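**Student:** The sequence shown begins at 1 in the numbering used here and counts up by one.
The structure that follows is given in the form of structure tokens.
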Amino acid sequence: MNSKKKCRQYSADYIKYGFVKSPSNEQLPMCLLCEQVFSNEGMKPARMIDHLKSRHSDKVEKDVQFFIKMRDSRKTMGGIFGKIDRQNIDGLVASYNISLLIAKSGKPHTMGENLILPAIQEAVTTVMHSDGRSVIKSIPLSNDTVARRINLMASDVEKTLYTIQYTQNNGIFSSN
């Protein structure tokens, strides 16, 4: 018996279940209502219907036009979502940079949430004359987050050093 898996492709018919092409992988469907992306295995119409019934039971009776309007309104709001996404990316970069500064200073990891975030908020409020809360929300600096970021950066440095040592010694690790 040949147990080869069927590789399904996204179908335009999936809109009637509330699914559109995923922005990250156009071969996979994404639920318009909760933005959950389904795998190839979950691309069966029965699974999509089950998802719609279990997660969005109030939308089961909606017709195709409802989902088409929702899809089209999502396209027009893409610029808004792009701006929000850019702010989140900038906040993530700032979080890594600030975590590096905390690591270099040797200060406790709680410094991020106890000193730096309030200082950023005060600076934004005073200098830019705007509410700094949206900026603060986009920069994760909790104790655990700072520790995790420092560990990730440290392991990356370790891997890089091992790689450099390995290539300089022509593929032989030395203990010196």
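The beta carbon of each residue, even a glycine, is placed where N, CA and C say it ideally should be.
Values in this document were obtained by computation on a predicted structure and should not be read as measured data.
Express the C-alpha separation of R133 and D90 in angstroms, rounding to a whole number.
**Tutor:** Distance between the alpha carbons of D90 and R133: 15 Å.
**Student:** Suppose you measure from the CA of S99 to the CA of K69; what does that come to, to the nearest Å?
**Tutor:** Each residue's alpha carbon lies about 43 Å from the other.
**Student:** Starting from K53 and walking both ways along the alpha helix (DSSP H), at which residues does that stretch end?
**Tutor:** Where K53 is concerned, the enclosing alpha helix (DSSP H) stretches over P45 to R55.
**Student:** If you measure between the beta carbons of R8 and M48, is that distance less than 7 Å?
**Tutor:** No, they are not a contact pair.
**Student:** How is the alpha helix (DSSP H) around V124 delimited, first residue to last?
**Tutor:** Where V124 is concerned, the enclosing alpha helix (DSSP H) stretches over L117 to M128.
**Student:** CB-CB under 6 Å to I150, same chain, minus the five flanking residues each way: which ones, in chain order?
**Tutor:** Within the same chain, I150 has close Cβ partners S99 and A103.
**Student:** Could you tell me whether the Cβ atoms of Q27 and Y10 are closer together than 7 Å?
**Tutor:** Cβ distance < 7 Å, so Q27 and Y10 count as in contact.
**Student:** Is Y162 close to the ligand PLP? I mean its beta-carbon at under 6 Å from any heavy atom of the ligand.
**Tutor:** Among the ligands in the structure shown, none appear at all, so the ligand PLP cannot be discussed.
**Student:** For the candidate residues H51, M153, T110 and M128, whose alpha-carbon lies nearest to that of L32?
**Tutor:** It is H51 whose Cα lies nearest to the Cα of L32.
**Student:** Give every residue of the same chain whose Cβ lies closer than 8 Å to the Cβ of F66, excluding the five residues on either side of it in the sequence, and list them in chain order.
**Tutor:** Excluding sequence neighbours, F66 sits near K59.
**Student:** Within this structure, are the beta carbons of V64 and G112 separated by less than 7 Å?
**Tutor:** Contact: no.
**Student:** If I139 sits next to A94, beta carbons under 8 Å apart, how far is it from one beta carbon to the other, in whole angstroms?
**Tutor:** Correct: roughly 5 Å between the Cβ atoms.
**Student:** Just confirm the distance between the C-beta atoms of H109 and N88, as a whole number of angstroms; I'd bet it's less than 8 Å.
**Tutor:** With 8 Å as the limit, H109 and N88 do not qualify as a contact, their Cβ atoms being about 22 Å apart.
**Student:** Hey, L141 and L115: beta-carbon distance below 7 Å or not?
**Tutor:** Not a contact, by the Cβ cut-off of 7 Å.
**Student:** Taking 7 Å as the threshold (C-beta atoms), are F38 and P29 in contact?
**Tutor:** Yes; because the gap between Cβ atoms is below 7 Å, this pair is in contact.
**Student:** Taking the beta carbon of V135 as the centre, do at least 16 other beta carbons fall within 10 Å, making it buried, or is it exposed?
**Tutor:** That one is buried.
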